[in-house]
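Undergrad: Residue numbering for the sequence shown is 50 to 246, as defined by my numbering.
Have a look at this one before I ask anything.
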Amino acid sequence: MRKAAGGEFGWCMLVLAQFAFAEYSRSAATSVTCHRCKGSGRITRTQTTRKVSYPWGKAPYWASRSRAVRPSDWEQWTEVTEVVPAVCEACDGKGTISARCRCGGKGEVLDRKATSDRGAPVFKICERCSGNGFTAVPSTAAYKAILKRVPDLHVRTWTRNWKPFLELLVDVCHREEQKADAAFQDATSFRDDVNNI
């Protein structure tokens with residue numbers, strides 16, 4: 050990894066650590082500001098419309114009855130490109146993008162087939178999020194971020210060396226949380242105090 054990153058090694062490790070912590074701390078309640086509209090919920094887009102004008106006035110009444118002259122001879126069509134406000138499609142105008150899965154963060158969805166067979170609601174584990182209730186940060190996002198500083202990084206190198214390291218960093222975060230939880234339980238438990246009473 051050090052050889053592939055070159056002089057950008059420190060920056061790459063910082064980015065990998067940020068992505069690892071984002072993956073570790075992610076939950077169904079996690080939401081981020083929309084990058085497309087920067088949290089406003091509105092964007093601007095260009096729209097081309099055809100507009101008609103009548104430089105010589107409206108067509109006279111007899112123009113519609115004449116074979117030689119048509120009412121469209123008085124019309125002048127122009128294409129106008131204008132910038133119009135629109136609702137951001139990425140966040141649906143909310144300004145934030147939630148990590149919550151389609152299951153609503155519950156991790157389980159209604160099994161329609163089993164429900165119709167049994168006649169009572171039957172729930173199953175959500176297939177999209179594997180019961181987590183939220184979508185994971187894709188490793189390709191970290192790859193694209195690193196690719197900006199290290200453009201020579203090949204996909205094969207990423208999947209063989211860098212991606213396992215990123216997953217290892219996430220595992221380190223989970224293990225340290227378990228150690229901290231065990232230490233907290235030891236400090237706050239009443240096991241020793243019960244024997245002394």
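Virtual Cβ for every residue (Gly too), placed ideally from N, Cα, C.
Values in this document were obtained by computation on a predicted structure and should not be read as measured data.
Could you check what DSSP says for residue 75 in three-state terms: helix, strand or coil?
TA: Mapped onto the sequence shown, residue 75 falls at position 26. Coil.
Undergrad: Just curious, the beta strand (DSSP E) that residue 132 is in, first and last residue?
TA: Stepping through the sequence shown from its first residue, residue 132 is reached at position 83. Residue 132 -> beta strand (DSSP E) spans 125-136.
Undergrad: Do residue 136 and residue 88 have their C-beta atoms within less than 8 angstroms of each other?
TA: For this step, residue 136 is matched to residue 87 along the sequence shown. For this step, residue 88 is matched to residue 39 along the sequence shown. No, the pair does not count as a contact, with Cβ atoms beyond the cut-off.
Undergrad: Which residue marks the beginning of the alpha helix (DSSP H) containing residue 217, and which one marks its end?
TA: Indexing the sequence shown from 1 puts residue 217 at position 168. For residue 217, the uninterrupted alpha helix (DSSP H) run begins and ends at 212-237, by DSSP.
Undergrad: Report, in whole angstroms, the separation of the C-beta atoms of residue 69 and residue 219, which I expect to be a contact under 8 angstroms.
TA: Here residue 69 is taken as the residue at index 20 of the sequence shown, counted from 1. Here residue 219 is taken as the residue at index 170 of the sequence shown, counted from 1. The pair is a contact, with the Cβ atoms about 5 angstroms apart (cut-off 8 angstroms).
Undergrad: With distances taken Cα to Cα, identify the nearest neighbour of residue 147 among 171, 184 and 106.
TA: Position 98 of the sequence shown, counted from the first residue, corresponds to residue 147. For residue 147, the nearest C-alpha among the options comes from 184.
Undergrad: Since residue 121 is in the beta strand (DSSP E), which residue starts that stretch and which ends it?
TA: Within the sequence shown, residue 121 is the residue found at index 72, counting from 1. Per DSSP, residue 121 lies in no beta strand (DSSP E) segment and is marked neither H nor E.
Undergrad: Residues in the same chain with beta-carbon distance under 6 angstroms from residue 102, minus the five sequence neighbours each way, listed in chain order, please.
TA: To locate residue 102, count along the sequence shown from 1; it is residue 53. Once the five neighbours on either side are set aside, the close Cβ partners of residue 102 are 125.
Undergrad: What does the alpha-carbon distance come out to for the pair residue 169 and residue 59?
TA: Counting from one through the sequence shown, the residue named residue 169 turns up at place 120. Counting from one through the sequence shown, the residue named residue 59 turns up at place 10. Looking at the two C-alpha atoms, the distance is approximately 56 angstroms.
Undergrad: Do you know offhand how far residue 212's Cα is from residue 172's?
TA: Working through the sequence shown from its first residue, we reach residue 212 at position 163. Working through the sequence shown from its first residue, we reach residue 172 at position 123. So the two alpha carbons sit approximately 34 angstroms from each other.
Undergrad: According to DSSP, which residues form a beta bridge with residue 171?
TA: On the sequence shown, position 122 is the one that residue 171 refers to. Residue 171 is not bridged to any residue.
Undergrad: If the criterion is Cβ atoms closer than 8 angstroms, does the pair residue 186 and residue 75 meet it?
TA: Looking up residue 186 in the sequence shown gives position 137. Looking up residue 75 in the sequence shown gives position 26. Result yes, Cβ atoms of residue 186 and residue 75 sit closer than 8 angstroms.
Undergrad: Check each candidate in 182, 229, 132 and 65 and name the one with the smallest Cα separation from residue 79.
TA: Position 30 of the sequence shown, counted from the start, is the residue given in the question as residue 79. Checked all of 182, 229, 132 and 65; the closest Cα to residue 79 is 182.
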